[in-house]
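Following: one structure in structure tokens, then a few remarks.
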Amino acid sequence: MTQLELATDRGHVVAAETLAASPLAIRGLTVSYGEKPAVFSIDATVQDGSMTAIIGPNGAGKSTLLKAALGVIKPLSGTVSVYGAPLEGQRARIAYVPQRASIDWDFPARVIDVVLMGLYRELGLLRRLTGGHRQKAMDCLERVGMADFAERQIGQLSGGQQQRVFLARALAQDADLYLLDEPFAGVDAATEKAIIDVLKTLKSQGKTVIAVHHDLATITEYFDHVFLINVRKVAEGPVATTFTAENLQKAYGGRLATAQIEELELGAG
Ligand code: ADP
Ligand code: MG
Numbered sequence: 137m138t139q140l141e142l143a144t145d146r147g148h149v150v151a152a153e154t155l156a157a158s159p160l161a162i163r164g165l166t167v168s169y170g171e172k173p174a175v176f177s178i179d180a181t182v183q184d185g186s187m188t189a190i191i192g193p194n195g196a197g198k199s200t201l202l203k204a205a206l207g208v209i210k211p212l213s214g215t216v217s218v219y220g221a222p223l224e225g226q227r228a229r230i231a232y233v234p235q236r237a238s239i240d241w242d243f244p245a246r247v248i249d250v251v252l253m254g255l256y257r258e259l260g261l262l263r264r265l266t267g268g269h270r271q272k273a274m275d276c277l278e279r280v281g282m283a284d285f286a287e288r289q290i291g292q293l294s295g296g297q298q299q300r301v302f303l304a305r306a307l308a309q310d311a312d313l314y315l316l317d318e319p320f321a322g323v324d325a326a327t328e329k330a331i332i333d334v335l336k337t338l339k340s341q342g343k344t345v346i347a348v349h350h351d352l353a354t355i356t357e358y359f360d361h362v363f364l365i366n367v368r369k370v371a372e373g374p375v376a377t378t379f380t381a382e383n384l385q386k387a388y389g390g391r392l393a394t395a396q397i398e399e400l401e402l403g404a405g
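Numbering (our numbering), first residue to last: 137 to 405.
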């Protein structure tokens with residue numbers, strides 16, 4: 137097959153090479169909870185080894201897009217491929233940190249148990265926990281600075297601490313692709329630093345990180361690629377060329393004042 141040979145996927149013509157290499161390739165994805173689609177006809181091709189921010193206003197479909205990429209909600213139409221293969225066989229390669237507000241911590245669970253959940257695929261049906269598994273979970277807690285909290289109840293931790301534990305659970309999975317939904321929302325500065333350090337380490341190991349991100353002021357510092365969405369895709373690409381005033385205006389419309397956009401001191405656009 138030559139480099140220029142094309143593959144046709146549900147009517148969209150895409151370069152075969154791009155599909156094969158991409159950790160996450162989405163084609164024609166539409167998801168609807170009711171009559172109105174929450175995301176409509178989305179195409180996305182995430183670059184291998186990139187850190188991609190998904191941005192857009194409230195209700196733009198950012199969380200929905202991640203959930204569809206994980207296969208936890210069924211799309212009306214469209215395909216998701218992970219490292220060039222259908223999602224179904226590739227789930228073990230994806231780790232997910234959900235939006236914190238969506239979790240209710242009333243039930244009792246120790247921090248270490250939450251991290252051990254990340255190992256469920258490795259444990260298999262027998263669910264026999266060994267010292268090795270516990271050590272691995274402790275190592276992951278160490279990486280997010282939470283080893284001292286292993287025996288604490290998750291419900292007793294601060295929001296930022298809970299977020300770090302969730303990241304530790306994702307790390308325990310040894311995934312290749314990491315999907316995070318607003319990992320920095322409502323966390324303290326120390327947690328934000330701890331999380332970004334872990335994500336940058338993952339990137340340096342060749343992993344791919346995709347995060348829904350709400351703080352436009354840190355996009356340039358934290359991410360190398362950006363995906364703008366408002367039900368439909370607005371734009372995707374490198375931060376330097378895609379994170380522009382024009383694209384932000386398209387995605388946010390009146391919800392982001394021109395003054396705010398100017399404050400971001402965008403280079404291009
Ligand atoms: P974002 O994460 O960008 O804020 P969401 O993906 O959470 O947006 O939501 C997109 C749209 O879908 C919103 O209008 C939201 O109200 C709706 N929605 C999200 N989840 C559900 C659900 N479980 N049932 C019905 N509507 C939903
Ligand atoms: Mg959301």
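Glycine included, each C-beta is placed from N, C-alpha and C at the ideal position.
The model shown is predicted, which means the values in this text are computed figures rather than measured ones.
Same chain, Cβ closer than 7 Å to residue i, neighbours up to 5 away in sequence not counted
| i | result |
| --- | --- |
| Val251 | Ala273, Cys276, Leu277, Val301, Ala304, Arg305 and Ala308 |
| Ala311 | Arg229, Ile230 and Ala231 |
| Glu328 | Phe320 |
| Leu402 | Phe379, Thr380 and Ala381 |
| Ala371 | Leu364, Thr378 and Asn383 |
| Gln226 | Val218 and Tyr219 |
Reduced DSSP secondary structure (H/G/I, E/B, other) of residue i
| i | result |
| --- | --- |
| Asn366 | strand |
| Val233 | strand |
| Asp179 | strand |
| Gly291 | helix |
| His406 | Outside the modelled stretch of the chain, which goes from 137 to 405, sits residue 406, for which no answer is possible. |
| Val280 | coil |
| Tyr219 | coil |
| Leu400 | coil |
| Glu318 | coil |
| Arg305 | helix |
| Arg263 | coil |
| Leu160 | strand |
| Phe340 | Note that residue 340 corresponds to Ser in the displayed sequence, not to Phe. Here Ser340 sits in helix by DSSP. |
| Thr166 | strand |
| Ala174 | strand |
Cβ-heavy atom distance, residue i to ligand 4, below 6 Å
| i | result |
| --- | --- |
| Ser177 | Inclusion of ligand 4 in the displayed structure is not the case, the ligand content consisting of ligand 1 and ligand 2 alone. |
Contact set for residue i: own chain, Cβ-Cβ below 8 Å, skip 5 residues either direction
| i | result |
| --- | --- |
| Ile209 | Val167, Thr200 and Lys203 |
| Met282 | Val247, Gln297, Arg300, Val301 and Ala304 |
| Gly185 | Lys339, Gly342, Lys343 and Thr344 |
| Val334 | Arg279, Val280, Leu303 and Leu307 |
| Ala330 | Val280, Gly281 and Arg300 |
Within 7 Å, strictly: CB atoms of residue i and residue j
| i | j | result |
| --- | --- | --- |
| Val359 | Ala189 | Position check: residue 359 holds Phe in this sequence, whereas Val was assumed. Cβ distance < 7 Å, so Phe359 and Ala189 count as in contact. |
| Leu338 | Val345 | yes |
| Arg163 | Gly220 | no |
| Pro234 | Asp317 | yes |
| Cys175 | Leu160 | According to the sequence provided, residue 175 is Val. The question's Cys does not apply to it. No, they are not a contact pair. |
| Leu125 | Gly207 | Outside the modelled stretch of the chain, which goes from 137 to 405, sits residue 125, for which no answer is possible. |
| Pro193 | Arg368 | no |
Proximal residues to residue i (C-beta, below 6 Å), its chain only, five neighbours per side dropped
| i | result |
| --- | --- |
| Ala245 | Ile290 |
| Pro173 | Thr166 |
| Ala157 | Asp184 |
### Task
Count the C-beta pairs between the region 379-391 and the region 359-371 that are closer than 8 Å, then say yes if the count reaches three, no if not.
yes
### Message
Within 8 Å, do at least three Cβ pairs link the region 320-328 to the region 284-296?
### Response
yes
### Query
What does the shell around ligand 1 hold, if a residue joins when its beta-carbon is under 6 Å from any heavy atom?
Tyr169, Ala174, Gly192, Asn194, Gly195, Ala196, Gly197, Lys198, Ser199 and Thr200
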